[in-house]
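S.K.: Numbering (the numbering used here) for the sequence shown: 8 to 259. For each residue, glycine too, the CB sits at the ideal point set by N, CA and C. The structure follows.
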Amino acid sequence: MKLRLILLLTLFLIFTLTACNNNDDNTMVFESQREQEEGTESDQGQEFAEIGSGANLVKFPEDLEEGIIFATYDRGDIHEDIYVNTQEAIEAVQNGEEFPSGTVITLVGYKDGELEHYLVMEKRTGWGSQYSPEERNGEWEYQHFTPDREVAEDNIGRCFSCHANQERDEYINSLDQMKEFDLEELAQSKNSSTETSFAAIPTKDWKVTEISSHLIESKDVSKEKNSLIEDQNKTEKINEILLKMYLEQFKS
């Protein structure tokens with residue numbers, strides 16, 4: 008009888024200890040799962056800035072006209088010129104590199120021949136870091152300006168949604184046109200415009216008086232100083248003189 012009682016007590020203790028151990032294990036598993044869930048909720052609940060809230064960083068490019076038109080589009084009554092602010096940006100793209108910080112791309116839109124808007128995107132180091140990884144467009148920010156170059160009332164978030172589809176093209180829709188842009192032709196046109204600027208100078212009432220010998224060593228000019236140049240060759244002579252002066256000054 009006593010032996011049976013002892014066995015029953017022993018079995019009861021064994022079952023009790025086993026149940027406690029199982030409860031402890033279950034508690035540890037539950038705590039671990041809860042910590043993981045809380046960590047996931049914390050990541051999901053991280054606060055990010057509203058997409059497009061950094062648009063105020065983008066200012067109107069005052070040197071817009073000094074930029075390079077690398078692409079144009081015509082769709083019915085819509086015409087668009089797309090500028091980039093530096094030649095270095097084009098060179099970077101054509102060399103397979105990323106756009107440098109400070110790149111500004113501006114779309115100038117016309118409708119029925121009338122200026123309608125300016126759409127500007129600008130890249131700066133660190134921009135966009137306040138947005139969620141799923142929404143940001145690299146380091147680009149966007150802004151919409153009216154024909155008067157004032158900030159337009161617009162939902163800039165639409166710009167992010169549109170350009171997000173071009174992530175492989177550095178978030179711009181006209182990367183191929185920039186890759187194909189002829190920089191050599193640009194250099195030639197710049198040289199041509201320099202020469203044209205001389206030819207466009209009005210010379211009707213001009214006369215050559217005296218030109219410093221250290222700038223131009225021309226026997227013809229020295230002979231004709233203080234005399235009027237005949238109308239038929241006036242423009243040609245003055246253009247030649249100005250060009251020589253420019254080249255001498257450039258060398259010095």
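Tell me the rounded alpha-carbon separation between residue 188 and residue 55.
M.R.: When rounded, the distance between both Cα atoms is 38 Å.
S.K.: Could you pull the start and end residues of the alpha helix (DSSP H) that residue 126 belongs to?
M.R.: Looking at the DSSP string, residue 126 is not in any alpha helix (DSSP H); the run it does join, the beta strand (DSSP E), is 121-130.
S.K.: Tell me whether the beta-carbon of residue 145 lies closer than 9 Å to the beta-carbon of residue 178.
M.R.: Taking 9 Å as the Cβ cut-off, residue 145 and residue 178 qualify as a contacting pair.
S.K.: Can you tell me where the beta strand (DSSP E) with residue 163 in it begins and where it stops?
M.R.: No beta strand (DSSP E) contains residue 163, which DSSP labels as neither H nor E.
S.K.: Is the Cβ-Cβ distance between residue 127 and residue 67 less than 9 Å?
M.R.: It is a contact, given that the beta carbons lie within the stated cut-off.
S.K.: Check whether the region 100-118 and the region 135-144 touch, using three or more Cβ-Cβ pairs below 8 Å as the test.
M.R.: At 8 Å Cβ cutoff, the stretches do not touch.
S.K.: Throw me the rounded Cβ distance for the residue 87 and residue 80 pair, which I believe falls under 8 Å.
M.R.: Their Cβ separation, rounded to whole angstroms, is 4 Å, which keeps residue 87 and residue 80 in contact under 8 Å.
S.K.: Are the CB atoms of residue 190 and residue 53 within a distance shorter than 9 Å?
M.R.: The answer is no: Cβ separation not under 9 Å.
S.K.: Taking 8 Å as the limit between beta carbons, can you name the residues of its chain near residue 193, skipping five residues before and five after?
M.R.: 75, 94, listed in sequence order.
S.K.: Figure out for me which residue from 251, 181, 176 has the closest Cα to the Cα of residue 104.
M.R.: Out of 251, 181, 176, 176 has the C-alpha closest to the C-alpha of residue 104.
S.K.: Is it right to say residue 150 is buried, meaning 16 or more other beta carbons lie within 10 angstroms of its own, or is it exposed?
M.R.: The residue in question, residue 150, is buried, as its Cβ has 16 or more Cβ neighbours within 10 Å.
S.K.: Within 10 angstroms of the Cβ of residue 198, are there 16 or more other Cβ atoms? Answer buried if so, exposed if not.
M.R.: Exposed: under 16 other Cβ atoms inside 10 Å.
S.K.: Helix, strand or coil: how does DSSP classify residue 156 here?
M.R.: The answer is coil: DSSP assigns residue 156 none of H, G, I, E or B.
S.K.: Helix, strand or coil for residue 264 per DSSP?
M.R.: Outside the displayed range of the chain (8 to 259) lies residue 264, so it cannot be described from this structure.
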